[in-house]
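Each residue of the first sequence is one higher than the one before, starting from 43 at the first, in the numbering used here. For each residue, glycine too, the CB sits at the ideal point set by N, CA and C.
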Amino acid sequence: MLLESLTPAQREAVTHVDGPVLILAGPGSGKTRVVTHRVAYLVEQGVAPGQILALTFTNKAAEEMSARVARLLPGASVWMSTFHRFAARLLRDYAPLVGLDENFTIYDAQDSRHVLKRVLDELDLDTPHVAPERVAAAISRAKNDLVTAEEYAARPGNPTGRIVAKVYPAYQRRLLSSSAVDFDDLLLHVAQLLRNHPEIRQTLDARYRYIMVDEYQDTNRAQYVILRALSHDYPNLAATGDPDQSIYGWRGADLNNILEFEVDFPEVHIVRLERNYRSTKRILRVADALIVNNVRRKHKDLYTQNDEGAPVRMVAYRTHKEEAESIAAQIVHQVQSGRRRPRDFAVFYRINALSRALEDAFHEQGIPYQIVHGQEFYQRKEIKDVLAYAQLVNNPRDDVALERIINMPTRGIGKKTVDRLSDHAGRHGLPLLEAARQAGMIEGLSSRAAVSVARFVATIDRIGEVAHDAVEAVLGTVLSESGYREMLTDSQTEEDQNRLANIEELLTAAREFDTQHPDDGTLESFLEQVCLVNETDDWEVETDKVTLMTMHAAKGLEFPVVYIIATEEGIIPHERSQKDPLQLEEERRLLFVAMTRSAHELQLSRAVYRNFRGQRRRAIASSFLMELPRQEMEIVEAFFGTTWESGTDDYRRGDDDRSDQFGDGGFGDASIDDGAFDVDQTPLNERTARQRGGAGGRSGGRTANVSSTASTTSSADDRARITTAAALVDAANEEDPPALPSDKSRTTAGTAGRTAGTRATPAIKPVPTEVFVQGMAVVHPEHGLGKIVALSGEGDRRKATVAFVTAGERKFVLAKSPLRPAGEQRH
DNA sequence: TCATGACTAACTGTT
DNA sequence: TTAGTCATGA
């Protein structure tokens, strides 16, 4: 019955139990279905769930699969995770073998950049300015290719290579001495571990007898080696992939891994899934017309028995703002008409920076949305600061964490002082924290500085005392002991208030973690989780919101309606990929991936003017657009016959623009006709135009003055309709509070719903436990005035540590305590 | 020796 | 737009 719902080809893939299998799966061919069903099938056939390992590239994919497997196999615990998370877990067990402590820290890109810069500074290279980016990329690439620091040093190549050969080993030494790894190290260390310790390899190979890899075309050398090592004695490797969807070449993904699978596993069984169950015929034909332009590919026939469908829309807007507003308006319209729900829509873009205009437009029109952003939340300064305290406590050798927080909030410990500490540490081979302990003995350090440093060390030690408490309590202690909370509460700026809200959110995340891991919830595992998430963890399939994300993040997903914005030269294909034909092909694949996410409707759009680095610049249609079959498409120029009033417009900046754009008094063909668009005016976007016209004064002189000549009727009516629609969207969403971001410095859209309710409930007894928040002033009938230092637990079991002015620190079970907030809570 | 404010250069994608 | 650097004043 498990197999009933599958097609013959899918069934073939699912029921292939022993021996290697390669599943070549085109977009929309039911690949995820195959993987999840295969897991279920294996278990049904008697394979222990613990022997199955499913690896993906993104957390999102891993979660999606877990969820689906859980539906097929309630209760079974199959390990599904990203490569990196899997590697991190393994490394915890074998850390000493690769020169790390068990409690090693995982540095994110920012942290490792910091280390790299320090190394570059210290090495005193003769070349004055090497772009750290460049070096970082080279090191990362080397690691992905499994070239170690020593090996790299042995064979310097180009000029950058020469520098890298010096820097890489120093960088690596530094990481190890901090007992830290960067993302690439996770894979590198594991690959080496498996290579150098045959007995471990054997154990793990036997433990993970059935391995499944998703997106095999995106594996790099390190991942490949890990997979091979774990599939030696038990070569039950099931790889799924599609060469046409390889979009991570820049990260070392090696297409040969999939193209040569048959060479690596001669006895491989190959299954092809070429029938598409997702998209309309039209969408598929358009996408196919694009991808056939790639030279480096194996021909594949995609077909579908779905409907013909609507033509793919190709729209040229005047500005990025109109693009965003039009998309928002279209969504509102469709939701309002009852045809679709917000969750049916997705908007994809090549680079994250392009999301802003969309956010503004969605916000304005009251459309609930979620942004799937790489790491946003955990990259915020305040979050990283707070976590750095925890990291330092967890791993006292973590120099990056120490440098980050030693003067945050400011304690009068400046650069000079840190340099001296660093010197001392270097000379004696100590971690910075150890050096700081000896501050009193370091010459050249003023006594004032020494006192500050000693105070800092004491702070860390106090936090260290509670390191084994619940994570939320640890973070709470960080906030109060470090003075971080005080610093923010003292400040009146809105920015700092937002930071506080974000920190509150972090505490909520910690609380959730504590609840989920009542026994095994160590600080260390929390930090690991936090380091390896990207925000996609908060991408909830279930909620009813429009999804905004990069094309890369879109891989593996599908939506009824897809908008792809900014199909402009330099954006997609990205300017840095234009020169290299191979990279250009990857860009084409990327667009192909984006297009094939869509089931029913697809719109590609571009803007003639787009803000770029704060400046407005002209954009040319992407060359990819010219490869698309126009007979399958509806070509729209959403210019509404508007004209520009010369003199008031703002588009005139930018030196090379002047010549061609205003001669015709509007946006005639001369300035934009690049062959990709017909002049075919469709009032697709009338309402938006009017709305913009109506609100024209809003942005003051920065916006061009637009007078609409074509669409002048019933704008009031339309606006009313839009408002109503927005209200409907809100109403539809009521049970699930819409996470409408309030402004730019909001907490992230995806997580806003999680924010603790700090504003509820005036104090009537009994005081609900959620009223109490970190740092709050409280009154106790006996002990008097105090302040909440730390919180942990949930519901009735929620506990608070309170520091009283006179009575010292005490712990309470909130539900049973007579504590109440001090003074009236405003808000 | 630090903190602060002005200035400048950079900005792909993911773990 | 923003993070990071630099110069200046306390």
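- Between V111 and A82, the gap from beta carbon to beta carbon is short of 9 Å.
- For D224, the uninterrupted beta strand (DSSP E) run begins and ends at A222 to D224, by DSSP.
- By the C-beta criterion, the stretch 546-559 is judged not to be in contact with the stretch 353-360, since fewer than 3 inter-stretch pairs fall below 8 Å.
- For Y213, same chain residues with a beta-carbon under 6 Å away, outside a window of 5 residues either side, are L158 and V161 in chain order.
- The beta carbon of N278 is closer than 8 Å to those of V59, D60, G61, P62, R251, Y252 and I253 in its chain, skipping five residues each way along the sequence.
- By the neighbour-count criterion, in which 16 or more other beta carbons inside 10 Å mark a residue as buried, G454 falls on the exposed side.
- In the DSSP assignment, L646 falls within the unbroken beta strand (DSSP E) covering S640 to F654.
- Straight-line spacing of the CA atoms in P473 and E669 works out to 57 Å.
- For the options E611, K853, V177 and A67, the alpha carbon positioned closest to that of H822 is the one of K853.
- Around the Cβ of N101, a 10 Å sphere holds 16 or more other Cβ atoms; the residue is buried.
- Residue pairing by DSSP places E476 in no beta bridge whatsoever.
- As computed with DSSP, H311 is found in a beta bridge with V63.
- In summary, Y345 is exposed, with fewer than 16 beta-carbon neighbours lying within 10 Å of its beta-carbon over all protein chains present.
- Residue environment for K423: exposed (fewer than 16 other C-beta atoms within 10 angstroms of its C-beta).
- Between the stretch 174-187 and the stretch 457-473 there are fewer than three C-beta pairs closer than 8 Å, too few to call the two in contact.
- Bounds of the beta strand (DSSP E) holding G850 are G850 to V855.
- The Cβ-Cβ distance between R639 and P69 falls below 9 Å.
- Counting of Cβ neighbours within 10 angstroms places V56 among the buried residues, the total reaching 16 or more.
- Of all alpha-carbon atoms in R317, T322, G291 and A281, the one lying nearest the alpha-carbon of E304 is that of A281.
- Residues of the same chain with a CB within less than 8 Å of the CB of I268, apart from the 5 flanking positions on each side, are F125, A129, L229, V232, A233 and L236 in chain order.
- Taking the Cα positions, A395 is about 17 Å away from I369.
- Boundaries of the alpha helix (DSSP H) harbouring M107: N101 to L114, taken from the DSSP string.
- With 16 or more neighbouring CB atoms inside 10 Å of its own CB, L569 falls in the buried class.
- Nearest to H156 by alpha-carbon distance, out of D503, R216 and Y605, is R216.
- For A366, the closest of L139, L590, L66 and V140 by C-alpha to C-alpha distance is L590.
- For F601, the enclosing beta strand (DSSP E) stretches over residues F601 to I606.
- Nearest to D427 by alpha-carbon distance, out of L530, V844, A388 and A500, is L530.
- The three-state secondary structure of R660, taken from DSSP, is strand.
- With fewer than 16 other Cβ atoms from the protein chains shown falling within 10 Å of its own Cβ, M483 counts as exposed.
- Annotation for A280: the continuous beta strand (DSSP E) segment containing it runs N278 to G283.
- Per DSSP, E485 is not a residue of any beta strand (DSSP E), being assigned neither H nor E.
- G294 is a Cβ neighbour of A264, given a cutoff of 9 Å.
- One thing to note: A680 has its Cβ within 9 Å of the Cβ of Y359.
- D503 counts as exposed, since fewer than 16 other C-beta atoms from the protein chains shown sit within 10 angstroms of its C-beta.
- A845 is bridged by DSSP to K829 and E851.
- Boundaries of the alpha helix (DSSP H) harbouring E628: P623 to M637, taken from the DSSP string.
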